[in-house]
Structures are given as structure tokens and as C-alpha cells.
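In my numbering, the protein residues as written are 19 to 84.
Data block below; observations after.
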Amino acid sequence: MKKFLEVAEKLAHEKPLGPKYRNRRLVGNFKGRWECHIEPGWLLVYLKTDQEIIFERTGTHSDVFK
19 MKKFLEVAEK LAHEKPLGPK YRNRRLVGNF KGRWECHIEP GWLLVYLKTD QEIIFERTGT
79 HSDVFK
């Protein structure tokens, strides 16, 4: 949980995530959302608006994209 909170805090304060997080904009069914790797094998999908960040999915690749 600590690693999730570290990522959430960086996103909330608009701090860049380092390359190890592999933060990227998604396409297709997830267009408009972002994905980052909290750890290898632990993904977070989120939506950024001007006023909030909505954490939509977290888990393994197969959990998130099934």
C-alpha cells in the first residue's frame, strides 16, 4: 500500500513519475486514461481531469485489462 500511496501523492501534486513507473497514455477502450507501473506486475489505470485524479483499476496486467 505504501508504494501505491507514493504514486498517488506524486500524481496529486503533479510531480513527474520516474521512468521506472512507465507512465503512459492509453488508447482504444481506455482512451483518455493513463497507466503506470507501481511495481513490475502491479499496474494502476487512472483518469486525470483539471480538478481530480480518479483511480479506476489496479492489479496485474490480466486483472486490469480483462
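Ideal Cβ positions, reconstructed from N, Cα and C, are used throughout, including at glycine.
Distance between beta carbons of residue j and residue i, contact taken as under 8 Å
| i | j | result |
| --- | --- | --- |
| E52 | K66 | One detail in the question is off: residue 52 reads as Trp in this sequence, not Glu. Confirmed, about 6 Å. |
Nearest-angstrom Cα separation, counted from residue j out to residue i
| i | j | result |
| --- | --- | --- |
| N41 | I72 | 15 Å |
| A30 | E70 | 8 Å |
| R75 | V82 | 6 Å |
| E24 | L44 | 22 Å |
DSSP-derived helix/strand/coil call for residue i
| i | result |
| --- | --- |
| V45 | coil |
| F73 | strand |
| K84 | coil |
| H79 | helix |
Below-7 Å beta-carbon distance, residue i vs any chain D residue
| i | result |
| --- | --- |
| K33 | Of the chains in the structure shown, none is chain D; there is only one protein chain. |
Any non-hydrogen atom of the ligand FAD closer than 6 Å to residue i Cβ
| i | result |
| --- | --- |
| E32 | Annotation note on the ligand FAD: not contained in the displayed structure, which lists no ligands. |
Residues near residue i in its chain [Cβ-Cβ closer than 8 Å; skip 5 each side]
| i | result |
| --- | --- |
| T78 | G59, W60 and L61 |
| A26 | I71 and F73 |
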